[in-house]
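Worksheet: the structure to be examined is printed underneath.
Numbering (the numbering used here), first residue to last: 3 to 258.
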């Protein structure tokens with residue numbers, strides 16, 4: 003939602019080198035800006051989807067440093083209400099240690115020195131204007147990729163739309179791979195936190211899913227189990243061979 007206040011779930015960022023560094027970015031006077039208003043997220047589905055997307059990036063993302071968060075205000079110009087994307091990704095940005103400073107508790111473009119590369123909006127009703135004013139607002143801000151995920155089909159169209167900034171306007175992409183940040187999106191039918199549904203997931207250029215922390219741990223455990231099974235089978239073969247040699251009066255320990 004485009005608002006002048008921010009939800010309570012804010013995260014800190016600091017200036018860091020970036021491939022999208024912008025010049026002559028104005029510094030916003032934040033002394034009278036309210037950045038936290040205690041408002042909750044829209045609904046359980048949106049909250050879970052936001053958490054899934056953000057947690058996967060921190061579990062498996064390779065373009066570090068980066069900053070990914072949900073429901074944090076994006077302040078990009080003086081006198082303009084903040085944008086509050088459901089999910090936001092910015093490359094070349096790190097989280098600072100000092101969260102006490104007001105300038106670090108929201109995404110102030112003038113303080114950070116760059117715009118985020120990606121904003122995602124998750125549609126939960128017809129009032130969000132994701133394809134109208136928000137489309138224009140994110141383009142005006144200069145966010146390279148704007149994604150609209152409509153899991154409940156409130157907008158009566160494609161469930162997933164990915165827009166790329168061309169000049170000053172967005173052009174809808176024919177696919178869901180975002181080459182400038184080397185990330186793709188895909189719809190995944192599966193279970194997350196006990197809920198079977200169609201979820202929005204990150205993927206690479208080949209369509210391979212980026213794994214959650216739990217999936218990565220399960221995959222590592224499976225590899226360890228398979229390795230142990232191979233070792234056990236090898237030991238069993240060695241034991242059988244030793245028994246055969248002993249039955250023939252040969253000491254297996256004397257065989258090189």
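All C-beta atoms in this analysis are idealised placements derived from N, C-alpha and C, irrespective of residue type, glycine included.
Keep in mind that this is a model prediction, so the values were computed, not measured.
- Counting only the Cα atoms, residue 228 lies some 23 angstroms from residue 243.
- DSSP, reduced to helix, strand and coil, places residue 163 within a strand of the structure shown.
- C-alpha of residue 239 to C-alpha of residue 211: approximately 38 angstroms in a straight line.
- For residue 92, the secondary structure class from DSSP, reduced to helix, strand or coil, is strand.
- Apart from sequence neighbours up to five positions away, no residue of its chain approaches residue 60 with a beta-carbon distance below 6 angstroms.
- As summarised for the stretch 60-121, the continuous alpha helix (DSSP H) elements at least 4 residues long and confined to that stretch are 111-114, given in chain order.
- Counting C-beta pairs with one atom in each stretch, the stretch 162-171 and the stretch 107-120 have fewer than three that are closer than 8 angstroms, which means they do not touch.
- DSSP places residue 54 within a helical segment (H, G or I) once states are collapsed to three.
- Put simply, the backbone Cα of residue 181 is about 59 angstroms away from that of residue 257.
- Taking the C-beta atoms as reference points, residue 125 is found nearer than 8 angstroms to residue 154.
- Apart from the 5 residues on each side of it in sequence, residue 88 sits with its Cβ closer than 7 angstroms to the Cβ of 48, 52, 72, 73, 122, 123, 124 in its chain, given in chain order.
- Residue 99 sits exposed, since fewer than 16 C-beta atoms from the chains shown fall within 10 Å of its C-beta.
- Around the beta carbon of residue 203, 16 or more other beta carbons sit within 10 angstroms, so the residue counts as buried.
- For residue 202, the pairing in a beta bridge is given by DSSP as 189.
- Apart from sequence neighbours up to five positions away, the residues of its chain that approach residue 55 with a beta-carbon distance below 6 angstroms are 89, ordered along the chain.
- Here residue 154 carries a coil assignment [DSSP, helix/strand/coil].
- Counted as a single uninterrupted DSSP element, the beta strand (DSSP E) harbouring residue 173 occupies residues 171-174.
- Judged by DSSP in its simplified three-state form, residue 211 adopts strand.
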